[in-house]
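Asker: After the structure tokens below, expect a handful of questions from me.
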Amino acid sequence: MRGSIQKRGNSYAIRYEVGKKWDAVNECWQRNQKKEKVPYPHTKKHAEALLAERLSQLNKGEYLEPAKMTFAEFQNLWMKKYAIGEGQIRPSTLNLYGGFFRNHLVPAFGTLQLAIIGVEDIQGFKAKKTAAGLSPQTVKHLLRLLRQMLNHAIDWGYLRENPANKVRNPKVPRKEMDFLTTQEIGIFLNHVPAPWFPFFLTAIVSEMRFGELLAMKWGNLDWKRGQYFVRETWLRPRGEHPPNISEPKTDTSVAPVDLTPTCLEALASHRTTQLEERLRAGEEYKDMDL
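Have a look at this one:
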């Protein structure tokens, strides 16, 4: 596949061939060339990148005409190329996005051409979802996903601007957290079954997330300093994705968590019990340092 770049004034355009088309008048096959204006920024480097992108899509059989591409077609391309192809999104988040697309975004915008979706369409979508009883937080997530996807449409040359950027998120009411009192924590821990006492005590002392607690490893525990380093989190099974342990979402999650002497004592007791179970199980025991 070949293409070319043309400069007109302060802007650029690219040309590329998308196969052959039948010329009924001359009864022969002609080259089917496409011309596409390069969106902002109007630089030669951007034009070269866009041309390389189009030629790559043609070679891989992924090309769709920008002017005719529907929202549903671009959504499939985005999922295949970015969300799944580049591995930029966690399996759990990917499953959540799939539900957002399937239940909300594709039914609303799927048949519309990507290039004609406007601010009014997205404002109407926001109003409709709010009237249907969706929480402000869910509507906010839907708009954020829509913005993210349309921003990629700009980067890949399918759009010139993102209409979703002009639609404000709904206000999300601040929820007051209802924490257990010191007395309530004591009552709770007194009723926790003995095997689970170290787990719940660590949860209360460390304030770690549920997935981080399930993925705790002995190698991340500094006994001398009384600190635990969160380097993994447990991801629950969703759809075709089995449960697994991966890195936490943010680098700040690796910051040390201070543990109390009572918590360390409970963990040491749990470690002793675990080693005894390991000896009884023999070779059948799978040691994952958990």
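The numbering used here applies: residue 5 is where the sequence shown begins, and numbers increase by one.
Glycine residues also receive a C-beta, built at the ideal position from the N, C-alpha and C atoms.
These numbers were taken from a predicted model, which means no experiment stands behind them.
Check whether the region 38-58 and the region 6-21 touch, using three or more Cβ-Cβ pairs below 8 Å as the test.
Answerer: Judged by Cβ distances under 8 Å, the region 38-58 makes contact with the region 6-21, as three or more pairs qualify.
Asker: Does the region 151-160 come within contact of the region 198-211, defined as at least 3 CB pairs closer than 8 Å?
Answerer: no
Asker: As a quick exercise: from Thr97, Pro174 and Leu283, pick the residue whose alpha carbon is nearest that of Ala131.
Answerer: Numbered from 1 along the sequence shown, position 127 holds the residue referred to as residue 131. Here the closest residue by C-alpha is Pro174.
Asker: Can you tell me the Cα-Cα spacing of Arg282 and Val209, whole angstroms?
Answerer: To locate residue 282, count along the sequence shown from 1; it is residue 278. To locate residue 209, count along the sequence shown from 1; it is residue 205. The alpha-carbon atoms of Arg282 and Val209 are separated by roughly 27 Å.
Asker: Give me, in chain order, the residues of the same chain whose beta-carbon lies closer than 6 Å to that of Ala207; leave out the 5 immediate sequence neighbours on both sides.
Answerer: The residue given as residue 207 occupies position 203 in the sequence shown. Cβ neighbours of Ala207 beyond the five flanking positions: Leu217.
Asker: By DSSP, does Leu149 sit in helix, in strand, or in coil?
Answerer: Within the sequence shown, the letter at position 145 stands for residue 149. Note: Leu149 maps to helix in three-state DSSP.
Asker: Using 8 Å as the cut-off, can you tell me whether the region 174-193 makes contact with the region 139-154, which would need three or more C-beta pairs spanning the two stretches below that distance?
Answerer: yes
Asker: What would DSSP say about Arg6, mapped onto helix, strand or coil?
Answerer: As a first step, residue 6 must be located in the sequence shown, where it is residue number 2. Correct three-state label for Arg6: coil.
Asker: Can you look up Ala259 in the DSSP assignment and give me helix, strand or coil?
Answerer: Along the sequence shown, read from residue 1 onward, the residue named residue 259 stands at position 255. The DSSP-derived three-state label of Ala259 is coil.
Asker: If distances are taken between C-alpha atoms only, which option among Ala198, Asn224 and Lys228 comes closest to Met292?
Answerer: Position 288 of the sequence shown, counted from the start, is the residue given in the question as residue 292. Minimum Cα distance to Met292 is reached at Asn224.
Asker: Pull up the distance between the alpha-carbon of Met83 and that of Ala136, whole angstroms please.
Answerer: Locating residue 83 in the sequence shown gives position 79, where the first residue counts as 1. Locating residue 136 in the sequence shown gives position 132, where the first residue counts as 1. About 27 Å.
Asker: Would DSSP call Asp226 helix, strand or coil?
Answerer: Taking the first residue of the sequence shown as position 1, residue 226 is located at position 222. In the three-state DSSP reduction, Asp226 falls in the strand class (E or B).
Asker: Check Glu21 in the structure and name its three-state DSSP category.
Answerer: By 1-based counting over the sequence shown, the position of residue 21 is 17. For Glu21, the three-state secondary structure derived from DSSP is strand.
Asker: Helix, strand or coil, according to DSSP, for Asn14 in the structure here?
Answerer: On the sequence shown, residue 14 is found 10 positions in, with the first residue counted as 1. In the three-state reduction of the DSSP assignment, Asn14 falls in the coil class, being assigned neither a helical nor a strand state.
Asker: Report the partner residues of Gln61 according to the DSSP bridge assignment.
Answerer: Along the sequence shown, read from residue 1 onward, the residue named residue 61 stands at position 57. BP columns for Gln61 are empty, so no partner.
Asker: From this set, Phe233, Tyr289, Leu271 and Glu280, which residue's C-alpha is nearest Asp262's C-alpha?
Answerer: If you number the sequence shown from 1, residue 262 lands on position 258. Of the listed residues, the one whose Cα sits closest to Asp262 is Phe233.
Asker: So, with DSSP's three-state summary, where would you put Glu40?
Answerer: As a first step, residue 40 must be located in the sequence shown, where it is residue number 36. Residue state, collapsed to three classes: strand.
Asker: The alpha helix (DSSP H) that contains Phe203, what's its start and end?
Answerer: Here the question's residue 203 lines up with position 199 in the sequence shown. Phe203 -> alpha helix (DSSP H) spans Phe201 to Ser210.
Asker: Can you tell which of Val171, Gln61 and Gln231 has its C-alpha closest to the C-alpha of Phe4?
Answerer: The displayed coordinates of the chain run from 5 to 294. Any statement about residue 4 would go beyond what the structure contains.
Asker: Rounded to the nearest angstrom, how far is the Cβ of Val42 from that of Tyr20, given a contact under 8 Å?
Answerer: Sequence index remark: in the sequence shown, residue 42 carries index 38 (1-based). Sequence index remark: in the sequence shown, residue 20 carries index 16 (1-based). Actually they do not touch by this definition, with Cβ atoms about 12 Å apart.
Asker: Tell me the rounded alpha-carbon separation between Val22 and Leu239.
Answerer: The sequence position of residue 22 within the sequence shown is 18, counting from 1. The sequence position of residue 239 within the sequence shown is 235, counting from 1. Their Cα atoms are separated by approximately 43 Å.
Asker: Where DSSP assigns a beta bridge to Tyr232, which residues make up the other side?
Answerer: For this step, residue 232 is matched to residue 228 along the sequence shown. Tyr232 is bridged to Leu225 and Val261.
Asker: Where does Leu150 land, buried or exposed, given buried means 16+ other C-beta within 10 angstroms?
Answerer: The residue labelled residue 150 in the question sits at position 146 within the sequence shown. The residue is buried, with at least 16 neighbouring Cβ atoms inside 10 Å.
Asker: Can you tell which of Asn166, His108, Leu116 and His274 has the C-alpha that lies nearest to the C-alpha of Ala198?
Answerer: Your numbering for residue 198 matches position 194 in the sequence shown. Ranking the options by Cα distance to Ala198, first place goes to His274.
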